[in-house]
Amino acid sequence: MGRVARVSLRVEQNELRARMRAAGMTHEEAAVEFARRYRLRPRAAFRHAFGWTLQEAANQINTHATRTGFDPDGIPVMTAPRLSEVENWPRPDRRRLTPQVLALLAVVYGTDVHRLLDLEDRERLSPQDRLLLHRMQRNTVDSAPRGRRSTQSAGTVGAVRTRPMAYDLFRHEQGNRGAPQPMASAGETGFLDGDEQERLRRAVSRPSRVDGRVVASLAAILAEQRATEDLIGSARLLVPVMAQLGEVERLIGEASGQVRGPLVEIGAQWAEFAGWLHISTGRWAAARGWLDRAAEWAFEVDATTLHATTISFKGHLAFHLGQLDAAVGLSRAASRDERVWVGQRAYDAHQEARAHALAGRRRPAVEALARGADLAAAAAADGEAAPAWIYYYTPEFYALERGWVCRYLGRDDPASNEEAIACLTRGLAGLGDARTSGWAAEFLCHLAAAYLQADSPDLAGTAGIEAATIIAATGSVRLLPRLRRLHADLAARWPTSPTTADLGEALRLGRDDG
Numbered sequence: 004m005g006r007v008a009r010v011s012l013r014v015e016q017n018e019l020r021a022r023m024r025a026a027g028m029t030h031e032e033a034a035v036e037f038a039r040r041y042r043l044r045p046r047a048a049f050r051h052a053f054g055w056t057l058q059e060a061a062n063q064i065n066t067h068a069t070r071t072g073f074d075p076d077g078i079p080v081m082t083a084p085r086l087s088e089v090e091n092w093p094r095p096d097r098r099r100l101t102p103q104v105l106a107l108l109a110v111v112y113g114t115d116v117h118r119l120l121d122l123e124d125r126e127r128l129s130p131q132d133r134l135l136l137h138r139m140q141r142n143t144v145d146s147a148p149r150g151r152r153s154t155q156s157a158g159t160v161g162a163v164r165t166r167p168m169a170y171d172l173f174r175h176e177q178g179n180r181g182a183p184q185p186m187a188s189a190g191e192t193g194f195l196d197g198d199e200q201e202r203l204r205r206a207v208s209r210p211s212r213v214d215g216r217v218v219a220s221l222a223a224i225l226a227e228q229r230a231t232e233d234l235i236g237s238a239r240l241l242v243p244v245m246a247q248l249g250e251v252e253r254l255i256g257e258a259s260g261q262v263r264g265p266l267v268e269i270g271a272q273w274a275e276f277a278g279w280l281h282i283s284t285g286r287w288a289a290a291r292g293w294l295d296r297a298a299e300w301a302f303e304v305d306a307t308t309l310h311a312t313t314i315s316f317k318g319h320l321a322f323h324l325g326q327l328d329a330a331v332g333l334s335r336a337a338s339r340d341e342r343v344w345v346g347q348r349a350y351d352a353h354q355e356a357r358a359h360a361l362a363g364r365r366r367p368a369v370e371a372l373a374r375g376a377d378l379a380a381a382a383a384a385d386g387e388a389a390p391a392w393i394y395y396y397t398p399e400f401y402a403l404e405r406g407w408v409c410r411y412l413g414r415d416d417p418a419s420n421e422e423a424i425a426c427l428t429r430g431l432a433g434l435g436d437a438r439t440s441g442w443a444a445e446f447l448c449h450l451a452a453a454y455l456q457a458d459s460p461d462l463a464g465t466a467g468i469e470a471a472t473i474i475a476a477t478g479s480v481r482l483l484p485r486l487r488r489l490h491a492d493l494a495a496r497w498p499t500s501p502t503t504a505d506l507g508e509a510l511r512l513g514r515d516d517g
């Protein structure tokens, strides 16, 4: 194609994008139109929907990788020639199209991996890659975890992406500190109607207007944030959750009368969630501060199980900091009060067992694990629903926790290691959509380690690749060093294994190594 023809085509496509923008079309709808008109493959169609050249799209991908910590060596993960190769795969078929590269493109283009594939792609993908892609979350309203409706939607042409609308409850304008803006419109939120939004707007501007309906709306937004975290990971929620929590804290500071108790309890749940987000992203000091605040608020209103959860999370934080005796003590403290929901006490027994097991104290670990199993069975039998802030305490979750403990016990006991593999596999299989969440990647790392202890390099690598794919999609980079150690172990012991090479490629995320 000559220079004049190329310029004419760019002008034509720019005009088409302007028309689609004026019609309110999303990027996904624009990509469909570009594919139809110009016979483009899906990945190229999405790039054209944004109006990016190959180099501009590669720059966007590298910017995302830098922000999320995927290029620790400062080496670009994507180049224009490599992106052209990715768009036209399987022609040429020099390197395979990996789920990790697809996950990275999906984040940048604001879509899911399935919309970046056509029939030819699917027919050429390996069975392993097809299985992994099948498990990956589809961003549709029907795919939200545990029956919740997704808050995610595609941005319109000309905007990069519309974030989950729960992000925008207390959105701050540039240079206007302390002036929150509620969400834009009822039609955009999907879970707050116009009256509820107006009530929130008045409450934020005048805290004396807070009433029971405002508290209920705050509870609905927090539930939506929890569901959103299952979809996109912890890192991307930190800024909006902290902005919201600052406003909730201000409302609590000025609250009085009958509404104060329910508002303080919601604040405690919000602070507990913030503590978890900071643990999940490796921000230990901030996590401790928000868990302390959550414990204070929960104690004020005698929210026994919520207070226990905050103490339990402080034990989880101690575990990550290597303070294993503190983890044991805090786990016991969290379950000391018999009024605490039995499911919370079941988790605390597992957490205590985990700390003992990592410290090499086998007998107390086994005893705590048995106690945890009994309490988990009691939680399943009593029929009481889990509290909103620990909705994920399910039989599958307890199986994962048991597998984590057995993985440590299995370092010198093959039978325990076999049980670890069985429990982790069963627990992950039962997670449904939540299997693609950032916190599920933690258990995939432990499954990979258990397979490594069993001298099963291919299975270890496969679990590691799935974890790497989730990390690419959610930005849960805290786990990357663990996966790099896994790859180093595989490379040292099984350097010729194809899965070792595949995991290395997954961790490079499509880096153009030539």
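With positions in the sequence shown counted from 1, the corresponding number in our numbering is that position plus 3. Heads up, the beta-carbon is just placed ideally off N, CA and C, and yes, glycines get one too. Predicted model, so just to flag it, every value in this text is computed and none were measured.
query: Alpha carbon of Ala443 to alpha carbon of Ala437, nearest angstrom; result: 7 Å
query: Nearest neighbour of Asp295, chosen from Met81, Trp279, Ile224 and Gly285 [CA to CA]; result: Trp279
query: Contact check, Ala48 vs Ala38, beta carbons under 7 Å; result: yes
query: Through-space distance from Ala288 to Arg239, alpha-carbon basis; result: 19 Å
query: Contacts around Leu105, its chain only, beta-carbon distance under 8 Å, and the 5 residues preceding and following it disregarded; result: Val116, Leu119, Leu120 and Leu136
query: For Thr313, three-class secondary structure by DSSP; result: helix
query: Beta-carbon proximity check, Val218 vs Ile269, cutoff 7 Å; result: yes
query: Alpha helix (DSSP H) segment containing Ala388, residue limits; result: From DSSP, Ala388 is part of no alpha helix (DSSP H); its letter is neither H nor E.
query: Cβ contact (3+ pairs, closer than 8 Å) linking the region 381-391 and the region 422-434; result: no
query: Bridge partners - Thr307, DSSP secondary structure assignment; result: Paired residues: none, contrary to the question.
query: Buried/exposed call for Asn420, threshold 16 Cβ in 10 Å; result: buried
query: CB contact below 7 Å: Ser237 versus chain D; result: Among the protein chains of the structure shown there is no chain D, as only one such chain exists.
query: Thr29, DSSP secondary structure in three states; result: strand
query: Closest residue to Gly256 among Gln247, Gly363 and Val267 (Cα-Cα distance); result: Val267
query: Residue environment, Leu486, which counts as buried when at least 16 other CB atoms sit within 10 Å; result: buried
query: Terminal residues of the alpha helix (DSSP H) in which Glu275 lies; result: Arg263 to Ser283
query: Buried versus exposed call for Gln456 [16 or more other C-beta atoms within 10 Å across all chains shown]; result: buried
query: Cβ neighbours of Gly264 in the same chain (closer than 7 Å, five flanking residues each side left out); result: Val304
query: Backbone secondary structure at Ala99 - three-state DSSP; result: It is worth fixing the name first, because residue 99 is Arg in this sequence and not Ala. In the structure shown, Arg99 sits in coil (DSSP, three-state: anything other than H, G, I, E or B).
query: Minimum C-alpha distance to Val80 - residue among Ala311, Glu18, Asn91 and Ala68; result: Ala68
query: Span of the alpha helix (DSSP H) around Pro45; result: Pro45 to Phe53
query: Same chain, Cβ closer than 7 Å to Asp505, neighbours up to 5 away in sequence not counted; result: Gly464 and Ile468
query: Within 7 Å, strictly: CB atoms of Ala329 and Thr313; result: no
query: Residues near Gln63 by beta carbon distance below 6 Å, same chain, minus five either side; result: Val111
query: The region 391-398 contacting the region 363-375, beta-carbon criterion three pairs below 8 Å; result: no
query: Span separating the alpha-carbon of Arg511 from that of Leu483; result: 11 Å
query: Where Val242 falls: helix, strand or coil (DSSP); result: helix
query: Contacting residues, own chain, Cβ-Cβ under 6 Å from Val331 (five flanking each side not counted); result: Glu355 and Ala358
query: Through-space distance from Leu225 to Glu232, alpha-carbon basis; result: 11 Å
query: C-beta contact flag for Ala476 and Ala466 at 7 Å; result: no
query: Glu341, DSSP secondary structure in three states; result: coil
query: Within 7 Å, strictly: CB atoms of Pro228 and Ala471; result: Reading off the sequence, residue 228 comes out as Gln, not Pro. Cβ distance not < 7 Å, so Gln228 and Ala471 don't count as in contact.
query: Whole-angstrom distance between Pro501 and Ala491, CA atom to CA atom; result: 14 Å
query: Spatial distance of Asp415 from Ala371 (CA atoms); result: 19 Å
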